[in-house]
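Visitor: In the UniProt record's numbering, the protein residues as written are 1 to 86.
We put the beta carbon where it would ideally sit given N, CA and C, even for glycine.
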């Protein structure tokens, strides 16, 4: 079974209000050395054992469904085969 991770992030020129909120809360936790925070989303996709062109299919999914190309960018990473526990 193939597992793919798609990370979707706002483009750097787009303001990130969630990241700013987290950054503003950090001093209350005693953390003062953080320069910036960006919030994104991670999507894990598991394909059937017989799936082909997994990376290509994942890019289509990310580009057309998961990310808004105007304000977001994405990365696709095919994970090594996971060994299932018995």
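Can you name the residues that DSSP bridges to residue 9?
Guide: Looking at the DSSP assignment, residue 9 forms a beta bridge with 40 and 73.
Visitor: Counting Cβ pairs, one atom from each stretch, are 3 or more of them under 8 angstroms apart for the segment 11 to 23 and the segment 44 to 59?
Guide: Contact between the segment 11 to 23 and the segment 44 to 59 is absent, because fewer than three Cβ pairs lie under 8 angstroms.
Visitor: Within a Cβ cutoff of 7 angstroms, which residues of the same chain sit near residue 76, ignoring the five residues on either side of it in sequence?
Guide: Contacts found: 4, 6, 55, 58, 59 and 62.
Visitor: Do residue 73 and residue 1 have their CB atoms nearer than 8 angstroms?
Guide: No. Outside cutoff.
Visitor: My output table needs one value for residue 46: the three-state DSSP class, helix, strand or coil.
Guide: Here residue 46 sits in strand by DSSP.
Visitor: Kindly indicate which three-state DSSP category residue 25 falls into: helix, strand or coil?
Guide: Helix, per DSSP.
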